[in-house]
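Input: a single structure, listed below in structure tokens.
2 protein chains.
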Amino acid sequence: MLAITILGNNSAIPAFNRHPTAQVVQNAEQSFLIDCGEGTQMRMIQYKIRSSKINHIFISHLHGDHYFGLIGLLTSMGLLGRKHELHLYAPEILKTIIDLQLNVAGAHLPYELHFHPLKNEGVILEDKKINVECFTVQHRIECWGFLFREKKNLRKIEIEETKKYNIPSSFFGRLHMGEDFITENNTIIKNELLTSAVAPPKTFAYCTDTVYDEELIEKIKNVDLLYHEATYLHALQQKAASRFHCTSIEAATMAKKAGVKKLLLGHFSSMYESLDDFKTEACSVFENTELALEGICYTV
Amino acid sequence: MLAITILGNNSAIPAFNRHPTAQVVQNAEQSFLIDCGEGTQMRMIQYKIRSSKINHIFISHLHGDHYFGLIGLLTSMGLLGRKHELHLYAPEILKTIIDLQLNVAGAHLPYELHFHPLKNEGVILEDKKINVECFTVQHRIECWGFLFREKKNLRKIEIEETKKYNIPSSFFGRLHMGEDFITENNTIIKNELLTSAVAPPKTFAYCTDTVYDEELIEKIKNVDLLYHEATYLHALQQKAASRFHCTSIEAATMAKKAGVKKLLLGHFSSMYESLDDFKTEACSVFENTELALEGICYTV
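If you read the sequences in order, they're chains E and D. Under the numbering used here, the first residue of the first sequence carries the number 18, and numbering increases by one thereafter. Under the numbering used here, the first residue of the second sequence carries the number 18, and numbering increases by one thereafter.
Encoded structure:
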């Protein structure tokens with residue numbers, strides 16, 4: 018299971034108590050931060066997201082509403098006594114900015130910050146439970162999307178059943194993988210009798226900021242949850258395109274063509290106080306759409 | 018009259034709904050922003066401070082809790098359509114940071130940003146109503162204090178009285194300055210009959226971050242209002258000194274020795290949830306002390 022908590026759902030300017038972009042993806046083991054607009058550390062306090070659980074931060078691009086809160090978060094992590102390493106995935110020049118800001122302050126982070134410049138599409142992080150891939154999206158400057166792909170979960174062993182059939186614990190690894198057990202007298206004990214299925218692995222794709230671009234379809238095909246920017250309502254489609262952004266209808270069209278299961282709309286322009294029309298417009302194309310609202314946790 | 022609105026009163030880490038340093042000084046004509054910690058633009062929205070009225074921003078030093086909100090404010094001002102020029106007074110290297118962040122975003126401010134590097138103590142801004150001076154304070158890195166000094170206000174002309182004595186309007190400029198009027202037959206009409214006094218000019222000094230340093234006394238002598246950092250309670254005096262900060266008692270001692278009229282304490286460490294003891298300690302040395310509380314406007 019993946020849980021996505023929205024910390025900021027607005028585009029460039031904060032307005033109507035909406036904040037610049039940031040969200041946290043959590044699995045059972047850790048938290049991942051995607052983008053870090055100004056004030057993200059305050060939103061994390063507000064929504065009780067522990068920064069110590071975040072070991073990987075992904076920055077889509079270097080427009081300020083996606084990263085101006087990063088340097089504050091990094092230094093606060095240090096002041097809070099963080100010792101364990103942190104991994105940052107971002108356009109390469111961000112390292113220069115961070116180093117410059119630390120240098121002028123005479124500051125030193127008390128933990129290791131591993132900087133991973135985004136250069137090629139593909140897997141950028143792999144651990145036991147999850148893979149994260151990056152892919153390019155089309156915006157006014159270099160910009161990346163991210164795809165979180167849970168690994169296939171092992172089947173859960175039912176200990177009482179294994180005792181009943183006298184299965185040796187040395188076989189448990191193969192049981193996890195779904196193998197049947199064959200006794201000395203060639204009786205087959207079906208795996209289904211000894212284990213139970215667990216939740217299938219989930220996928221989550223993050224796309225902001227981007228113009229409507231059908232090359233994206235293959236990159237996010239069939240994901241369980243797609244977060245896609247919808248900066249404007251469709252009446253402003255030309256403005257959206259000229260600024261390399263999308264409308265609600267375009268985000269929904271992308272979700273439909275990519276065959277995703279659910280769509281989460283965000284990155285709303287500060288020209289809109291009410292967001293209701295974003296949902297109405299998007300649902301007319303792709304029904305399973307929700308608005309990304311700050312403080313709300315969406316699970317998949 | 019000067020009005021000082023506190024936007025952030027905490028030191029390094031945001032905590033207990035207190036935010037990093039920022040405050041606005043207002044006179045009848047315009048607003049001046051001093052320091053700009055992360056989230057300052059959100060606090061300005063919250064407290065209805067119009068960014069369009071701010072024409073001068075002063076940054077004391079380049080520890081993040083005093084300027085990480087600046088780049089967001091500058092770019093938001095542009096996105097909100099600002100056209101009139103803005104003046105920024107700060108340590109020189111800040112210009113490199115701002116230019117770098119604008120460049121990587123492919124961004125261009127639609128207004129002129131005049132950068133004034135702080136180099137020597139003395140007047141850095143002078144207009145019809147006010148002077149602003151900068152002076153050095155002792156911190157771990159280059160750090161500046163600021164002194165706002167209202168100009169002497171012109172006496173107010175009482176129009177009905179000038180009609181009664183038949184004073185020509187061509188003499189009004191000299192009346193403003195306090196001159197008596199001498200009639201053709203050498204009768205002296207005393208200025209006091211024709212004008213009234215207005216409020217005397219006020220002074221406000223801003224000192225953060227600084228170690229306790231008696232060299233400061235002469236620089237802030239007799240000001241009407243002193244904002245002085247008090248990061249720690251006095252039990253942590255050694256820690257304060259080692260980090261080039263002050264305690265409540267030290268700030269109050271400074272206020273007393275400099276003969277200021279009123280003291281405003283701020284820049285509280287996030288280790289303190291309650292601030293009551295700061296006031297109690299400071300008042301034991303200098304009675305006319307207040308805590309700088311966010312959202313509160315202090316007039317002088």
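By construction, the Cβ of each residue, glycine as well, lies at the ideal position given by its N, Cα and C atoms.
Residue state for isoleucine 66/E is assigned as coil, using DSSP reduced to three classes. Those residues of the stretch 118-143 of chain D placed with their C-beta closer than 8 Å to a C-beta in chain E are Gln118, Val121, Ala122, Gly123, Ala124, ordered along the chain. In the three-state reduction of the DSSP assignment, histidine 251/D falls in the helix class.
For alanine 252/E, the closest alpha carbon among the candidates Cys263/E, Leu243/E, Leu242/E, Glu246/E is that of Cys263/E. Unbroken beta strand (DSSP E) runs of no fewer than 3 residues, entirely contained in the stretch 221-288 of chain E, are found at 242-246, 279-283, following chain order.
Cβ neighbours of aspartate 241/E within its own chain (closer than 6 Å, five residues either side excluded): Lys219, Thr220, Lys278, Val317. In the three-state DSSP reduction, phenylalanine 132/D falls in the strand class (E or B). Contact between alanine 299/D and leucine 310/D does not hold, since their C-beta atoms are separated by about 14 Å, which reaches or exceeds 8 Å. Partner residues in a beta bridge of proline 31/D, as assigned by DSSP, do not exist. Taking 8 Å as the cut-off, the Cβ atoms of histidine 245/D and isoleucine 158/D do not count as close. Of the other Cβ atoms in all chains shown, fewer than 16 fall within 10 Å of the Cβ of proline 185/E; this residue is therefore exposed. For glycine 25/E, the beta-bridge partners assigned by DSSP are Ala39/E. For the pair lysine 256/E and histidine 156/E, the Cα-to-Cα distance works out to about 14 Å.
Proximity of histidine 80/D to chain E, defined by a Cβ-Cβ separation below 8 Å, is satisfied.
Serine 265/D is not a Cβ neighbour of alanine 29/D, given a cutoff of 8 Å. DSSP, read as helix, strand or coil, puts arginine 166/E in strand.
With 16 or more other Cβ atoms from the protein chains shown falling within 10 Å of its own Cβ, tyrosine 106/E counts as buried. The C-alpha of glutamate 46/E is placed about 18 Å away from the C-alpha of methionine 61/E. Per DSSP, threonine 57/D has no beta-bridge partner at all. Listed by position along chain D, the residues whose Cβ is nearer than 8 Å to that of serine 187/E form an empty set, because the closest Cβ is around 51 Å away. Here DSSP, grouped into helix, strand and coil, assigns alanine 122/D to coil. Between leucine 210/E and asparagine 183/E, the alpha-carbon positions lie close to 13 Å from each other. In this structure, histidine 284/E lies near alanine 247/E, with their beta-carbon atoms less than 8 Å apart.
Residue pairing by DSSP places asparagine 148/D opposite Glu143/D, Arg166/D in a beta bridge. Separation of tyrosine 249/E and leucine 91/D (C-alpha to C-alpha, rounded to the nearest whole angstrom) is 23 Å. Against chain D, a Cβ distance below 9 Å from phenylalanine 85/E picks out Glu55, Phe85, Gly86, Ile88, Gly89, Thr92, Gln118. Any Cβ of chain E closer than 8 Å to the Cβ of glutamine 47/D would place that residue at the interface, and such an atom is absent. If you check the CB distance, isoleucine 23/E and glycine 276/E do not come in under 8 Å. If you check the CB distance, valine 121/D and isoleucine 110/E come in under 8 Å. A distance below 8 Å between beta-carbons, with the five flanking residues on each side excluded, links asparagine 208/E to the following residues of its chain, in chain order: Arg172, Leu192, Gly195, Glu196, Asp197, Phe198.
Using a Cβ-Cβ cut-off of 8 Å, glutamine 40/D does not count as an interface residue toward chain E, since no Cβ of chain E sits closer than that to its own.
Contact with chain E is found for arginine 157/D, since one of that chain's Cβ atoms lies less than 8 Å from the residue's Cβ. For glutamate 175/E, the three-state secondary structure derived from DSSP is coil.
When rounded, the separation of the alpha-carbon atoms in glutamate 138/E and valine 149/E is 11 Å. At least one C-beta of chain D is nearer than 8 Å to the C-beta of isoleucine 62/E. In this structure, the beta-carbon distance from glycine 86/E to alanine 39/E falls below 8 Å.
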